[in-house]
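Our numbering puts the first residue of the sequence shown at 1, with every later residue one more than the last. All residues carry an ideal CB built from backbone N, CA and C; glycine is no exception. No experiment lies behind these values; they were computed from the predicted model shown. Input: a single structure, listed below in structure tokens.
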Amino acid sequence: MSSDPAVGFYSPADGRRVGEDFISEGADIILPVAGGTGIGTMAAAKDAGDVYGVWVDTDGCISAPEYCSLFLTTVEKHMNVAVENTVQSVLDNSFKGGLYVGTLENDGVGISDYHDLASKVPQGLQDEIATLKQGIIDGTVSVDPADYPA
């Protein structure tokens with residue numbers, strides 16, 4: 001795949017260009033991770049037909065509903081959970097500051113529903129994803145890159 005990055009976080013034209021490059025190289029699923037730039041990537045996917053996306057940060061069917069029919073899922077950052085936990089810790093005088101890392105276990109990250117494309121994600125795959133998620137939470141599936149040498 002192309003390694004040519006888009007320029008800037010909000011450049012739909014660059015996102016479209018990069019998306020078109022990926023599609024011309026055979027990509028059928030694209031994960032654009034640059035906000036408004038990703039909107040351009042999804043526009044290219046929509047124009048191409050039969051190209052899907054995995055959105056990022058907030059449920060794409062809510063934040064970019066015009067492309068909901070193209071989103072297999074969204075890799076979500078649950079910022080609301082971090083804020084709620086921080087505020088609650090201040091209120092109950094247990095706030096310590098420091099680094100917050102969102103994980104599956106603390107609900108700081110997750111994936112969205114499959115929405116319009118649920119029928120394209122076979123139940124067996126959905127079950128496997130749920131099993132992997134639980135394995136990551138309980139530690140039976142490692143997320144340490146050192147455990148997966150190149």
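Ignore the nearest five residues each way along the sequence and tell me which others in residue i's own chain have a CB closer than 7 Å to its CB.
i: residue 20; result: 44
i: residue 137; result: 104 and 105
i: residue 1; result: Here the model assigns residue 1 a pLDDT of 49, short of 50, so the residue's position is not dependable and the matter cannot be decided.
i: residue 110; result: 76, 78 and 104
i: residue 46; result: 67 and 70
i: residue 115; result: 61, 68 and 71
i: residue 143; result: 136
i: residue 149; result: none
Using the DSSP secondary-structure output, state which residues sit across from residue i in a beta bridge.
i: residue 30; result: 53
Could you tell me if residue i is buried or exposed, where buried requires 16 or more neighbouring beta carbons within 10 angstroms of its beta carbon?
i: residue 32; result: buried
i: residue 84; result: exposed
i: residue 122; result: exposed
i: residue 64; result: buried
i: residue 18; result: buried
i: residue 73; result: buried
i: residue 147; result: exposed
i: residue 34; result: buried
i: residue 98; result: exposed
i: residue 92; result: exposed
i: residue 59; result: buried
i: residue 113; result: exposed
i: residue 127; result: exposed
Specify, as a first and last residue, the run of the alpha helix (DSSP H) that residue i falls within.
i: residue 20; result: 12–24
i: residue 40; result: 36–48
i: residue 142; result: Run containing residue 142: none; DSSP gives neither H nor E here.
i: residue 60; result: 60–63
Sorted by chain position, which residues of the same chain lie with C-beta nearer than 8 Å to residue i's C-beta, five sequence neighbours on each side aside?
i: residue 95; result: 86 and 89
i: residue 108; result: 77, 78, 81, 82, 100, 101 and 102
i: residue 12; result: 36, 37, 39, 40 and 43
i: residue 16; result: 40, 41, 43 and 44
i: residue 9; result: 34, 35, 36 and 37
Here's a check: name, in chain order, each residue in its chain whose Cβ is nearer than 6 Å to the Cβ of residue i, leaving out the five neighbours to either side.
i: residue 29; result: 52
3-residue-minimum beta strand (DSSP E) runs that sit fully inside the region 67–132, ordered along the chain: Those beta strand (DSSP E) runs which fall completely within the region 67–132 and span 3+ residues are 71–77 and 109–111.
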